[in-house]
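The opening position of the sequence shown corresponds to residue 1058 in the numbering used here, with each subsequent residue numbered one higher. Heads up, the beta-carbon is just placed ideally off N, CA and C, and yes, glycines get one too. Taking it in order: structure first as structure tokens, then the write-up.
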Amino acid sequence: MAKEYRMSQERLDELKQELNYLKTVREKEVADQIKEARSFGDLSENSEYDEAKNEQGKLYSRIVELGDILAHAIVIDEDDLTTDAVGIGSHVEVEALDGSMKGAYQIVGSQEADPMNGRISEESPFGQALLGKKCGEEVLVSAPAGTIHYRIINIRK
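Next comes the structure, spelled out in structure tokens:
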């Protein structure tokens, strides 16, 4: 079974736009780079040609990756979110039981993760520990510094 990619409608639209850009504009740009590099002569010692072909490989790889993501995307409907338990799309406030830290995070699909901005992937150890838990529950998260104990303070849409 193929991996499912959970994301917001907004993120799905962004990925569709990126794929469209890569297939239309960027593909032509790379083809022009290759054409220009070929005009420089001997391809065996032509670094511009090698670089353009590498860029083409990266481009096609990203196109295939986006195609797979879009084919297996599942849009998370915000209307289906609940505040009873943590789920994908939930905004969660937690505090470390030792009082060292308090934080607010949103649990998102792997394609939307941005830990520096409080968007935690459902697949991360922290995200996995929170999923399904209720307000007031304690969770254990394995981190490089050791196991950290958190309490869920609030869950909102």
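| query | result |
| --- | --- |
| In its own chain, which residues sit with a C-beta less than 6 angstroms from the C-beta of residue 1142, not counting the 5 before and 5 after it? | 1189, 1191 |
| Of the choices 1124, 1098, 1114, whose alpha-carbon is the least far from that of residue 1061? | 1124 |
| Can you check the stretch 1065–1102 for any alpha helix (DSSP H) of at least 4 residues that lies completely inside it and give the ranges in chain order? | 1066–1078, 1084–1095 |
| Residue 1187 to residue 1214, Cα distance in whole Å? | 15 angstroms |
| Where residue 1212 and residue 1131 are concerned, what is the direct C-alpha to C-alpha distance, given to the nearest angstrom? | 22 angstroms |
| DSSP three-state call for residue 1178: helix, strand or coil? | strand |
| Could you check the C-alpha separation between residue 1134 and residue 1153 for me, to the nearest Å? | 30 angstroms |
| Near residue 1194, which residues of its chain fall below 6 angstroms by C-beta distance, leaving aside the five closest residues on each side in sequence? | 1209 |
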